[in-house]
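**Student:** Quick note on numbering: UniProt numbering labels position 31 of the sequence shown as 31, and the sequence is numbered without any gaps.
This is the structure, below, for whatever I ask next.
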Amino acid sequence: MPLPIDAVLAGAGETTLVVDLGAAPSAGRGSVAVSVDGRPQRAELTPVVSSKLAVSIVVDASADGAAALPGWLSAGARFSLAAPARTRTVVIADRAPAGVIAGPVRGPAGVVRALGAVRAGGTRDTAAALTLAAGQFPAEPVGQRIAVLYTTATGIDGLSAARLADRFRTAGTLLVVVGTADPRRYWSTAAAATGGFFAPAGDPVVVPALDQVETALRGRGLVRFAAPASSPARVSVSVRSGDLLLSGETVLGAAPPAGSRRYELLGAAAGLVLLVLLAVLILVVVRRRRSRTARVGPASPYAVLLGGPPLPPPLSPPSPGVELPPAPPSAGTMRPAARGRAPIPDPPPGD
């Protein structure tokens with residue numbers, strides 16, 4: 001049976017695969033076998049949800065999200081109550097300036113109290129709030145840090161889903177988003193790339209989304225092994241749970257998917273090329289206009305229409321009684337008399 005490999009997280013000399021074991025009888029339990037480029041590797045399989053779980057709960061506490069805030073507070077409290085008893089948690093308010101309002105605390109009591117004191121107001125600061133969440137619990141194992149965002153926002157302006165996912169993958173943290181809308185698939189794209197997911201919530205009914213969060217997280221497993229010495233490297237993974245065998249493959253160090261930074265840079269380069277082409281086109285048009293003006297000549301009325309020099313002023317008519325001087329003969333029109341043929345004038349009378 002296929003084994004979905006949802007994400008690859010990197011740690012200090014270690015690679016962690018986030019795998020979907022929802023079809024297995026007991027997620028995170030069983031035996032695992034890993035090979036890198038055909039060579040067997042030592043590996044371990046652990047569930048995401050365990051006593052080592054560390055959670056950052058991020059709540060949209062902005063004025064724009066005020067109507068949904070009571071549902072988010074109840075959702076966060078329910079998540080904390082359902083988590084393992086020794087789960088460490090921080091609570092972050094998504095409003096400017098974003099900040100940690102409680103934690104880290106162990107167990108649900110402190111989380112419930114902190115959520116009960118949150119009030120709506122101000123503007124969202126989601127990028128800063130999620131940056132805080134990704135930086136929590138640096139000493140906890142990669143993949144067992146989770147950020148859960150409850151929001152009515154449809155994304156973060158100025159930050160692509162790919163870049164957001166890169167931040168969480170680098171931090172070794174899964175991103176789970178519970179939201180009322182995702183028309184651009186912004187949250188779905190960002191969360192899935194970290195091994196998390198987007199859970200659509202109704203308004204005001206959010207219970208189905210909460211059930212999805214609990215079920216999906218408990219179905220996630222982590223496969224850890226030593227980071228390959230070189231890349232790209234083909235990794236094969238097999239997990240046996242009871243009588244079920246799940247197998248999957250992935251390539252480490254492969255080219256990034258569409259929408260990643262490389263494609264963003266290509267888009268910027270394409271825009272620069274278009275600007276250069278436009279400048280060249282303007283230069284060509286200007287040169288053609290100048291060449292057409294030069295061909296017509298300055299004394300032609302067409303030159304004036306094409307932006308050339310103006311025509312010279314017309315000659316003033318002669319005054320009455322004044323004769324104009326004769327025009328000089330044109331060059332090449334005078335012919336000297338033929339030698340020996342000039343007429344001899346008659347002598348004057350009386351000679």
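By construction, the Cβ of each residue, glycine as well, lies at the ideal position given by its N, Cα and C atoms.
Given the structure is predicted, the values throughout are model-derived calculations rather than measurements.
Taking three-plus beta-carbon pairs below 8 Å as touching, is the region 207 to 222 in contact with the region 41 to 50?
**Tutor:** At 8 Å Cβ cutoff, the stretches touch.
**Student:** Spatial neighbours of Gly202 within its chain, please: CB distance less than 8 Å, with the 5 preceding and 5 following residues excluded, ordered by chain position.
**Tutor:** Contacts found: Thr180, Pro208, Ala209.
**Student:** Tell me whether Leu53 is buried or exposed, calling it buried when 16 or more other Cβ atoms sit within 10 Å of its Cβ.
**Tutor:** Flag for Leu53 reads buried.
**Student:** Under 8 Å, do Phe168 and Thr126 count as touching if we go by C-beta distance?
**Tutor:** Taking 8 Å as the Cβ cut-off, Phe168 and Thr126 do not qualify as a contacting pair.
**Student:** Which one of Gly76, Ala96, Ala43, Ala109 has the shortest CA to CA distance from Asp211?
**Tutor:** Closest option to Asp211, Cα to Cα, is Gly76.
**Student:** Our contact map puts Ala33 next to Ser238 with C-beta atoms below 8 Å; I'd like the distance itself, whole angstroms only.
**Tutor:** Contact flag correct, Cβ pair sits at about 5 Å.
**Student:** Considering Cα atoms alone, identify which of Arg86, Val112, Asp6 is closest to Phe197.
**Tutor:** Ranking Arg86, Val112, Asp6 by Cα distance to Phe197 puts Asp6 first.
**Student:** For Ala133, which residues from the same chain have a beta carbon less than 7 Å from its beta carbon, with the 5 sequence-adjacent residues on both sides left out?
**Tutor:** So the list reads Ser56, Val58, Ile92, Ala147, once near-sequence residues are dropped.
**Student:** Where does residue 395 fall in DSSP's three states?
**Tutor:** As shown, the chain starts at 1 and ends at 351. That puts residue 395 outside it, with no answer to give.
**Student:** Which residues share a DSSP beta bridge with Ser236?
**Tutor:** Ser35, Glu249.
**Student:** DSSP has Pro40 in a bridge; who is on the other side?
**Tutor:** Beta-bridge pairing links Pro40 to Ser35.
**Student:** Any idea if Pro108 is buried or exposed, counting beta-carbon neighbours within 10 angstroms, 16 or more meaning buried?
**Tutor:** Result: buried.
**Student:** Could you give the residue range of the beta strand (DSSP E) that holds Phe137?
**Tutor:** Unbroken run through Phe137: none, as it is neither H nor E.
**Student:** Using 8 Å for Cβ pairs, my map puts Leu246 next to Leu3. What's the rounded Cβ distance?
**Tutor:** Correct: roughly 4 Å between the Cβ atoms.
**Student:** Are the CB atoms of Leu244 and Ala24 within a distance shorter than 8 Å?
**Tutor:** Yes, the pair counts as a contact, with Cβ atoms nearer than the cut-off.
**Student:** In the DSSP assignment, the alpha helix (DSSP H) including Gly71 goes from what residue to what residue?
**Tutor:** Element bounds for Gly71: 69 to 82.
**Student:** Can you list, in chain order, the residues of its chain whose CB lies under 8 Å from that of Val251, leaving out five sequence neighbours each side?
**Tutor:** Answer for Val251: Pro232, Ala233, Arg234, Val235, listed in chain order.
**Student:** Measuring CB to CB, does Val36 end up less than 8 Å from Pro228?
**Tutor:** Yes, the Cβ-Cβ distance between Val36 and Pro228 is below 8 Å.
**Student:** Only counting the same chain, and skipping five residues up and downstream in sequence, which positions put a Cβ closer than 7 Å to that of Arg78?
**Tutor:** Result list for Arg78: Leu210, in chain order.
**Student:** Mapping the DSSP letters down to three states, classify Ala191 as helix, strand or coil.
**Tutor:** Residue state, collapsed to three classes: helix.
**Student:** Tell me whether the beta-carbon of Ser31 lies closer than 8 Å to the beta-carbon of Arg185.
**Tutor:** No.
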